[in-house]
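For reference, the structure is listed below as structure tokens.
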Amino acid sequence: MRKERKIIKNNIIKRSVITSLLLLLLAINLASSTLLVSGEAGGTGKYLEINFISLSDTPADNAALLASDCEVTATKISSDQVFTYAASNELSYRQKVGAGTVLLDANADEGWEFCHFIIRDAEFDDLSEYKTEKNDIVEAVFKREVLTSDITVYVEGGFGEVYYQGMLVADQTNNAENPVIITVDYGTTPRFEFVPAESYHLSSVLVDNSVYMDLILTEFTQSYEFPIIAESFHSLVVTFSQDGEAVIPYGSDITVFLSNAASLNFNYVSGGTAYGNEIFSLLDVVVWSITVQVDELGDQTIVALRYDPSKVPGSEEDLRLYRCDSEDAELYYKSDVNDDGVVNGQDDKIIANIVKHPKFWDPEENPEYDIDGDGFVNEIDLHIVNSMKNLDLNWIDITLYVDTENNIIYGVTEHFSIFRGR
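Per our numbering, the sequence shown starts with residue 65, numbered consecutively.
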């Protein structure tokens, strides 16, 4: 066998000095493992397929390997033609190499080490020769080097806690000057959970100081799971806000949450505060009041509202999101004291009866009857209801699309007022 290897090596050197130098550099700089493959003489349609497999054979490691820059090259000895099989490119796994002998080199990406080739259940660790069959398959086995990644975690604002593997790792005392470092292994997908303090909610999640996560990626503000860890440093910046508010950072492509059912995505914003709350809900109709206080606002903001599919009487694809520019919209829905979706004589009757008989009103049971919020139900509240009766609100359709899988309706707007999803 050693004699045959020597003959093969000599033949390669005689063909080209440049080729021999290239192979020598590959052997020194890339620490490649080499294997000779021979096609049957006179054969046609010879395909060689390379499968990339991690030594641990776990889903996480296999996925990380297929996302790496590990590769195998097959060089035909007769023509120096090179076929490249890239772990990250599934389309390259099966190629027509034709008949003849090829030289296989397995090149490991950073964080990986080549182990061996597997051919018809036999392992080949170094230079060897064998004859292929038509549509032969070679398994290239790599193992992950022992690598870890540091994830910097801190709370940018508000009150709340961050958990990892069921353990508290950060809260409001861990700010940018006092972050927490969590060390995880390469190939893992670490998950962090968020628990806001009472009267607070998750406002935003910034990953790697570059991307703000949305409602879906945070499992509706409950947690965030990193993709397969393949880099040595990551970061997680969490912001909590008081209920009904959201702190808006400065920048582009900013996503903030008003609750686990509503979010805003700004294509550009100077930073400030968003305010929002649900002011009306009846069957498939949900009305939100959303305002934004900023110095500068881009020309496009995406509003996302979560809906309950069990309350949709028809097709979810037919749901629409509307914006109302009327300054009376919020007052209109406050005047709808019986929550039937319209202000009419029935609402007028309820308020008028309380005005005549104040003892019938329990402020704790029905605070919504105090329309102007002065602590009394009187003629002023009755006048407000009368002024809202049969008011024609101007609703503008701003629907972008409906995500029926995650039950979210999206709309795009250039300014803010009252929003209605139906």
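Glycine included, every Cβ here is placed at the ideal spot set by N, Cα and C. Keep in mind it's a predicted model, so treat the numbers as computed, not measured.
In the three-state reduction of the DSSP assignment, Gly362 falls in the coil class, being assigned neither a helical nor a strand state.
Here DSSP, grouped into helix, strand and coil, assigns Pro377 to coil. In the three-state reduction of the DSSP assignment, His180 falls in the strand class, which pools E and B.
Boundaries of the beta strand (DSSP E) harbouring His265: 264-271, taken from the DSSP string. For Lys198, the number of other beta carbons within 10 angstroms of its own is below 16, and it is reported as exposed. Using a C-beta cut-off of 8 Å, the stretch 208-218 makes contact with the stretch 240-249, since at least three inter-stretch Cβ pairs fall below that distance.
Look at Glu203 here: in three-state DSSP terms it is strand.
Following the DSSP letters along the chain, one finds Pro431 in no alpha helix (DSSP H), marked with neither H nor E. For the options Phe290, Ser399, Ser296, the alpha carbon positioned closest to that of Asn454 is the one of Ser399. Assigned with DSSP and collapsed to three states, Ala131 falls in coil, not helix or strand. Between Ala150 and the set Leu167, Leu395, Asp173, Asp144, the nearest pair of CA atoms involves Asp173.
In this model, Val311 and Val466 are separated by some 26 Å (Cα to Cα). A distance below 7 Å between beta-carbons, with the five flanking residues on each side excluded, links Asn153 to no residue of its chain.
DSSP places Tyr288 in no alpha helix (DSSP H) but in the uninterrupted beta strand (DSSP E) bounded by 287-289.
Note: Asn115 is bridge-paired with Glu203 in the DSSP secondary-structure output.
In chain order, Tyr396, Ser399, Asp400, Val449, Met452, Lys453, Asn454, Leu455 place their CB closer than 8 Å to the CB of Val407, counting only its own chain and leaving out the 5 sequence neighbours on each side. Here DSSP, grouped into helix, strand and coil, assigns Glu154 to helix. Annotation for Glu394: the continuous alpha helix (DSSP H) segment containing it runs 393-399. Less than 7 Å separates the beta-carbon of Glu113 from that of Ile201. No Cβ-Cβ contact shorter than 7 Å links Leu369 with Thr463. Excluding the 5 residues flanking it on each side, Asn239 has same chain C-beta neighbours closer than 8 Å at Tyr218, Val219, Glu220, in chain order.
A distance of 7 Å or more separates the beta carbons of Gly308 and Ala326. As the crow flies, the alpha-carbon of Glu381 is around 7 Å from that of Thr468.
Taking the Cα positions, Gly475 is about 35 Å away from Ile415. If you compare the alpha carbons of Glu478, Ser316, Cys388, Asp411 with that of Ile460, the shortest gap goes to Cys388.
By the 16-neighbour rule on beta-carbons within 10 angstroms, Asp185 is exposed.
DSSP places Ile354 in the strand class (E or B) of the three-state scheme. About 5 Å separates the beta carbon of Leu266 from that of Phe258, a gap short enough to meet the 8 Å contact definition. Distance from the Cα of Trp352 is smallest, within the candidate group Ile473, Trp176, Asn115, for Ile473.
With 16 or more other Cβ atoms from the protein chains shown falling within 10 Å of its own Cβ, Pro313 counts as buried. Under DSSP, the beta-bridge partners assigned to Ile312 are Gly336. Annotation: Val449 is outside any beta strand (DSSP E); the continuous alpha helix (DSSP H) that includes it extends over 443-452. Linking Tyr433 to Thr337 through their CA atoms gives a straight-line distance of about 29 Å. The stretch 126-143 and the stretch 156-167 touch, with three or more beta-carbon pairs separated by less than 8 Å.
With a cut-off of 8 Å on Cβ pairs, the stretch 356-366 is not in contact with the stretch 419-434, counting fewer than three such pairs.
In this structure, Ile183 keeps its C-beta atom at 7 Å or more from the C-beta atom of Thr165.
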